[in-house]
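Residue numbers (the numbering used here), protein chains in the order written: chain G, 1 to 274; chain D, 1001 to 1268.
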C-alpha cells in the first residue's frame, strides 16, 4: 500500500510496539508496566531500555554513566556550553538554553557525528581485517577518503584527558576486553607510530566501548545525545548571576571586517540590473 | 595589539559597525556588505533584498528580488497539516515558550521529508546535474546511496512527494509563477521537463523540489539553501502556534495508540 491509501491507514491512530499511557490508570513502556515492572529501574537504565529494549548489568550501566560524566565540562568557552551560558546572560529560560546547547552539540568536530564515523570505520575495519586486509591498509584507505579518521585527533589539543580515566574504569569493571576496544587502541598505535601523530579521542573510545557493549550505531547515537548535558547548567547559572549581557561582550571594533568598502544603496531598482 | 592579532575579535565580511563616540558597545552605524543599514538602506531596501544581501556579496537584481519575494510567500506557511507546523502547535496548545515552538518547527522541519535537509540534497543535485536530463535520471536512480551519518537514510527522491499521486496544484502554480521570472535556467527547465523528471523519480514534484530549483536560480549554494528554507517556513509555524494557544490542548487532536504484540492490546 502506498500514496494516499497508506496515509489514510494511519489517520489518527498509531499502532505501537513501544507503549502508551492510559490516563489515570497505567503506562506501558516497551511492553512493561512503567510503575510496576520498571519502578526500580534508575533513569539511565530506563533510557537505555527505551533505546534498545534491553537491560544492562550494573557494571555496564556504571560504565555508560561514566561516559556521560567524564565529558561534562562546566567551561563556557566550549561552543555548545557557551550557547547555554549565553541564554543565561540574555535572561532566557534554562530549558531553551539547554535544548539549544544540546542541539548545537551535534557538531561535525565533536559530539555524535565523529563518534558515528568512528563506529562506521571500526565496523568496516573489522570486516576487512576478517577478510585478511591489513590494518595499515584500512587506515590508509580511510585517510585517503576523508583525510582524517573519526575519533582520532582533537580540535584543540591532540591528547584527551578523558581517555585514561575511562580506560581505568573499564578495566575495573572488566569491560575492557572487547574486540572493538582492542581495535581502537591498535589504530591509535598505528597512527602514533606512523607519520600522522594522531591520538585517540573520546569519540573513538566511546564508539569502541559502545560497540563492545552490543550497541549498534543508532543506539549509540541516541545514548550519547545528553553526553555534555551535565556541564551546561553551571554555565547557565553563573551567567545568570552576573550582570546581564556580560558574557563575552563584544565592542563594535571587535568585528574584524574584511568585506566590501562603504558604498551607497542604489536608489532605484533600475540601477541594479534589469 | 592590533585587531588582526586579537583572539577576541569576530571576523566578518558581512557586517561592520562603527561605535558611538561615548560607548564602544553601542553602534553609531552598521554596514551590511558596505551599505549603511540604518542610514541608507532603511526605508529604501525591501526585506528580501536585505535577506539576499546577508547571504550574498552583492544585492539582488530586480528579478532576483521578485523571485525571492514570491518564493518567500510560497513557503511562508506550510499549513497546520505539515509536521513542522504541527510541532510548533504542540508548543502552542500547552502554553510552551514562543521560542520552543519555533525550535520545534525548526527541528521537525529540518528533515528529509519535505524539510530543509531534503532541500539541501536537492540543491546539491541542481549543482551537480544542472539542466542535464540524463544526469538527473542517473542521480534519481541512485538517491538511495547518499551517505548516512547523523541523518537517516533518504527514503524517497529528494524534492518529490513520496505519498503523492500527481503534482499538487499549488506546486504547479508555484513552479509556473517562479519560472516566469526567468531568473535562472533551473525553474524554466524543470517546468518544461516536469513529466520526464517525475517519471525518473517515480513520484510527483513537491514544493521542496520547486524551492530547491528557485534557490539554485538565485545563486544560493546547498548550505545557504538549507538555511533559507528553514527561515522562510517559520512564519506559518509561529502564527499557527499562537492560534492554537487560546484554543488549548482539548481542542487539538490527541490521536490514539493501539498497542501491538502486547497483552495490553487495548486502545488508549
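Where a beta carbon is used, it is the ideal one built from N, C-alpha and C, also for glycine.
All values reported here derive from a predicted model rather than from experimental measurement.
For the segment 1032-1044 of chain D, residues whose beta-carbon sits nearer than 8 Å to a beta-carbon of chain G comprise 1033, 1034, 1035, 1036, 1040, 1041, 1044. Residue ranges of uninterrupted beta strand (DSSP E) with 3 or more members, entirely inside the segment 1021-1086 of chain D and ordered along the chain, are 1023-1032. For residue 125 of chain G, the nearest beta carbon of chain D is not closer than 9 Å to its own beta carbon. Apart from sequence neighbours up to five positions away, the residues of its chain that approach residue 80 of chain G with a beta-carbon distance below 7 Å are 101, 104, 105, 228, ordered along the chain. Secondary structure within the segment 1204-1265 of chain D: the alpha helix (DSSP H) runs of 4 or more consecutive residues, fully enclosed, are 1207-1217, 1222-1232, 1234-1247 (chain order). If only uninterrupted alpha helix (DSSP H) runs of at least 4 residues are considered, those enclosed by the segment 190-254 of chain G are 202-212, 217-224, 232-241.
Per the DSSP secondary-structure output, residue 14 of chain G pairs in a beta bridge with D:1257.
Straight-line measurement puts the Cα of residue 192 of chain G at about 14 Å from the Cα of residue 140 of chain G. In chain D, no part has a C-beta under 9 Å from the C-beta of residue 35 of chain G; the shortest such distance is about 13 Å. Against chain D, a Cβ distance below 9 Å from residue 257 of chain G picks out 1011, 1012, 1013, 1014, 1015, 1016, 1017, 1031. If you compare the alpha carbons of G:230, G:43, G:214 with that of residue 119 of chain G, the shortest gap goes to G:214. For residue 1203 of chain D, the number of other beta carbons within 10 angstroms of its own is at least 16, and it is reported as buried. In this structure, residue 66 of chain G sits near residue 166 of chain G, with a CB-CB distance shorter than 9 Å. Beta-bridge analysis with DSSP links residue 1159 of chain D to no other residue. In the DSSP assignment, residue 21 of chain G forms a beta bridge with G:27. Residue 1011 of chain D: not part of any alpha helix (DSSP H); member of the beta strand (DSSP E) spanning 1010-1012, first to last residue. For residue 1136 of chain D, the enclosing alpha helix (DSSP H) covers residues 1133-1141. Closest by C-alpha distance to residue 1068 of chain D, out of D:1103, D:1155, D:1102, D:1050, is D:1050. Close to chain G, meaning a Cβ-Cβ distance shorter than 8 Å, are the following residues of the segment 1247-1258 of chain D: 1253, 1255, 1256, 1257, 1258. In the assembly as shown, residue 21 of chain G is an exposed residue. Its beta-carbon has fewer than 16 other beta-carbons within 10 Å.
Using a Cβ-Cβ cut-off of 9 Å, residue 1028 of chain D counts as an interface residue toward chain G, since at least one Cβ of chain G sits closer than that to its own. For residue 145 of chain G, the uninterrupted alpha helix (DSSP H) segment begins and ends at 135-146.
The straight-line gap separating the alpha-carbon atoms of residue 147 of chain G and residue 160 of chain G is approximately 20 Å.
Scanning chain D for C-beta atoms nearer than 8 Å to the C-beta of residue 79 of chain G yields nothing, as the closest lies near 14 Å away. Residues of the segment 1101-1115 of chain D whose Cβ lies closer than 8 Å to any Cβ of chain G, in chain order: 1103, 1107. Minimum Cα-Cα distance from residue 1159 of chain D among the listed residues D:1041, D:1175, D:1149 corresponds to D:1175. At a cut-off of 9 Å between beta carbons, residue 244 of chain G makes no contact with chain D.
The beta carbon of residue 89 of chain G sits no closer than 9 Å to any beta carbon of chain D. Look at the segment 1156-1182 of chain D: the residues with a C-beta under 9 Å from a C-beta of chain G are 1162, 1163, 1164, 1165. Membership of residue 38 of chain G in any alpha helix (DSSP H) is not indicated, and neither H nor E is assigned to it by DSSP. In the DSSP assignment, residue 1128 of chain D falls within the unbroken alpha helix (DSSP H) covering 1116-1129.
For residue 1018 of chain D, the pairing in a beta bridge is given by DSSP as D:1029. DSSP places residue 1165 of chain D outside both helix and strand once states are collapsed to three, so it counts as coil.
For the segment 152-164 of chain G, the set of positions with a beta-carbon nearer than 9 Å to some beta-carbon of chain D is empty. With respect to residue 16 of chain G, residue 1108 of chain D sits apart: the two C-beta atoms are not nearer than 9 Å. Cβ-Cβ distances below 8 Å link residue 1239 of chain D to 1077 in the same chain, with the five nearest sequence neighbours on each side left out; the list follows chain order.
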